[in-house]
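The structure under discussion appears below in the form of structure tokens.
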Amino acid sequence: MNFKINIKQDVIDLIKIYNNYQFEVGGMIFGRKKFNQYTLKTLSFKKGKSVNIDFSSNDKIIYQLPEKQKIIGTWHLHPMQLKASPSIIDLKQWKSWKKNYIHIICTKREFNIFNSEGECLYGYHLEEM
Ligand SMILES: [Zn+2]
437 MNFKINIKQD VIDLIKIYNN YQFEVGGMIF GRKKFNQYTL KTLSFKKGKS
487 VNIDFSSNDK IIYQLPEKQK IIGTWHLHPM QLKASPSIID LKQWKSWKKN
537 YIHIICTKRE FNIFNSEGEC LYGYHLEEM
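Set out below in structure tokens:
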């Protein structure tokens, strides 16, 4: 399948800011989705524990929607990884949601966007900071 991914500058800026955390933080991706075209507009934010982060429907704050946008996926950091790739736990969680979300995994050097099957759809190299 052909995916088109359009990332607004806001998302890149937020990732660069959040990327200063040394532990796993993450949240939801807000934007638009039309068939296989995704526009990533902004992110919400949740602090995880030192080694992992999980999302639950009780976390009201990360589900709060900016106007006219919907949740199109999730993002989180893997601060210890070089190459951004999902953990087994990530993959299990993504598949179990059955939501057709996209997922950003971000390391200090790059972020990759995956579909819920764990296929990489998009890669972005962050400049050295
Ligand atoms: Zn992860």
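Using my numbering, you'd call the opening residue of the sequence shown number 437 and step up by one each time. Even glycine gets a Cβ: it sits at the ideal position worked out from N, Cα and C.
Item: Nearest to residue 523 (by Cα), restricted to the options 550, 535 and 445; Value: 550
Item: Start and end residues, alpha helix (DSSP H) containing residue 531; Value: 524 to 533
Item: Expected contact under 8 Å - CB spacing of residue 479 and residue 450 to nearest Å; Value: 5 Å
Item: Backbone secondary structure at residue 517 - three-state DSSP; Value: coil
Item: Residue 442 classed as buried or exposed, judged by whether at least 16 other C-beta atoms fall within 10 angstroms; Value: exposed
Item: Residue 452: first and last residue of the uninterrupted alpha helix (DSSP H) it sits in; Value: 445 to 454
Item: Burial state of residue 561, where buried means 16 or more other Cβ atoms lie within 10 Å; Value: exposed
Item: Exposed unless 16 or more other CB atoms sit within 10 angstroms - verdict on residue 453; Value: exposed
Item: Cβ-heavy atom distance, residue 441 to ligand 1, below 7 Å; Value: no
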